[in-house]
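So the structure is just underneath, and the comments pick up after that.
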Amino acid sequence: MTVITEIAEIDTKIGTDIVDITGLVDQHLAQSQIKRGAMILFVPGSTGALTTIEYESGVIQDLADAIERLAPRDIPYAHDQRWGDGNGHSHVRAALLGPSLHIPVVDGRLSLGTWQQVVFINFDNKARRRRLIIQVMGEKE
Amino acid sequence: MTVITEIAEIDTKIGTDIVDITGLVDQHLAQSQIKRGAMILFVPGSTGALTTIEYESGVIQDLADAIERLAPRDIPYAHDQRWGDGNGHSHVRAALLGPSLHIPVVDGRLSLGTWQQVVFINFDNKARRRRLIIQVMGEKE
Amino acid sequence: MTVITEIAEIDTKIGTDIVDITGLVDQHLAQSQIKRGAMILFVPGSTGALTTIEYESGVIQDLADAIERLAPRDIPYAHDQRWGDGNGHSHVRAALLGPSLHIPVVDGRLSLGTWQQVVFINFDNKARRRRLIIQVMGEKE
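As they're listed, the protein sequences go chains U, E and P.
For the first sequence, the positions run 115 to 255 when the working numbering is used.
For the second sequence, the positions run 115 to 255 when the working numbering is used.
For the third sequence, the positions run 115 to 255 when the working numbering is used.
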């Protein structure tokens, strides 16, 4: 059993920015040479999150709209009143969606559905280069 | 350390259908003979999700109702306007709930609480036979 | 590859109580002596959940407020009508947030962001001593 951990950087726009990272994580998996096991993804920060979705512009907009209803940008946040960062909604959204995701690896491939992509979401109220921890655990043959 | 990966099929009704899969995954765990480690569950599709809940018909209805408030079926979705699938709400719900779950395995058993069951949720707007990836990682003794 | 599983107990107040458990899980990681791998956390119960957040009193209040909007305490729940527990909202909230979290371990440390803490959330409608399963998988050197 091998554990390989790497840190990737992802350029994101002001939130809510939903970025397709399937190609990026596929590339890390290929380099790891792990054939059977799991990939663990983690956002080391409190205004980003991970999930999977069909990466189609309509549904991406629908997800952003749902998140806006869930934790609207234009209501008062205690965080903003205290710190003036203006990103209280970003923190709440990230905590609700969650920072971690894992995906089984079978025959050297991520076991995603045909119309399922892995996405990194930047909720922060500014464009950011963000870090993502990519870990692959498993057997090479 | 052993990794065993299997694919199960689950018959689901039109969404929101919340299915108790505790017995199914227990059976896979017993067959794996893994005693210490973790079970990783993953939905390879973008209109299904996993979580845990007390599988009691009242609270199952309450969860379905909360999800209906979170991403209502009867509002416009860009996905539907573009593709006509009518399942924009299904995609949004699945992305918010998430496709992955892991549960520690201790003494050959899933470490669930007494009133806690594992559920697969079909959000799609039709009945479907759905796939679930069941992975067990750990030691046999 | 080593797997170490322990059970911690956490004193929580009536929900929504969001408790910073970063120090607790750091201590378990140090004792495990695992240097490379992952920590898996799991709530064995159906009215508790895990996530990460910047543990600052403003944003903690903001998260509690968002959860109150998501599954309000003062609407009817079928669970309560059937069982009279009064904690239907607690079950729904826990199922939406999710019981599991994993965090990569790099150089013997959790790979959290600078302003990111691990939190246990008690949603139940009473103060409880709650259990948390802490699992560390990986290599000691």
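The C-beta atom is built at its ideal place from N, Cα and C for all residues, glycine as well.
Using a Cβ-Cβ distance cut-off of 8 Å, determine whether residue i contacts chain U.
i         : result
Gly159(P) : no
His142(E) : no
Gly137(P) : no
Thr119(E) : yes
Ala192(E) : yes
Is the Cβ-Cβ distance between residue i and residue j less than 8 Å?
i         : j         : result
Lys240(E) : Ile128(E) : yes
Ala180(U) : Leu164(E) : no
Asn304(U) : Thr166(U) : This structure gives no information on residue 304(U), because the portion of chain U shown stretches from 115 to 255.
Leu226(E) : Leu155(E) : no
Gln231(U) : Met153(U) : no
Gly252(E) : Val219(E) : yes
Ile132(P) : Ile174(P) : yes
Arg187(E) : His203(E) : yes
Ala192(P) : Thr161(P) : no
Comparing the C-beta of residue i with each C-beta of chain E, is any distance below 8 Å?
i         : result
Arg242(P) : no
Ala180(P) : no
Trp197(U) : no
Leu246(U) : no
Glu253(U) : yes
Which of helix, strand or coil does DSSP assign to residue i?
i         : result
Ala163(E) : strand
Val157(E) : coil
Leu210(P) : helix
Ala241(U) : coil
Asp131(P) : strand
Gly227(E) : coil
Gly202(E) : helix
Arg187(U) : coil
Glu253(U) : strand
Gly151(E) : strand
I need the boundaries of the alpha helix (DSSP H) containing residue i, first residue and last residue.
i         : result
Ile181(U) : 171-184
Leu138(U) : 136-146
Asp194(E) : 192-197
Within the continuous beta strand (DSSP E) that includes residue i, where are the two ends?
i         : result
Asp125(P) : 116-126
Using a Cβ-Cβ distance cut-off of 8 Å, determine whether residue i contacts chain P.
i         : result
Gly129(E) : no
Gly202(U) : yes
Ala185(U) : yes
Could you run through the segment 206-224 of chain U and flag, in chain order, every residue whose CB is less than 8 Å away from some CB of chain P?
Val206, Ala208, Ala209, Leu210, Gly212, Pro213, Ser214, His216
When Cβ atoms are compared, which residues of the segment 145-177 of chain E fall closer than 7 Å to chain P?
Arg150, Gly151, Ala152, Thr165, Thr166, Ile167, Glu168, Glu170, Gly172, Val173, Gln175, Asp176, Leu177
The segment 227-239 of chain P: which residues have C-beta closer than 7 Å to a C-beta of chain U, in chain order?
Gly227, Trp229, Gln230
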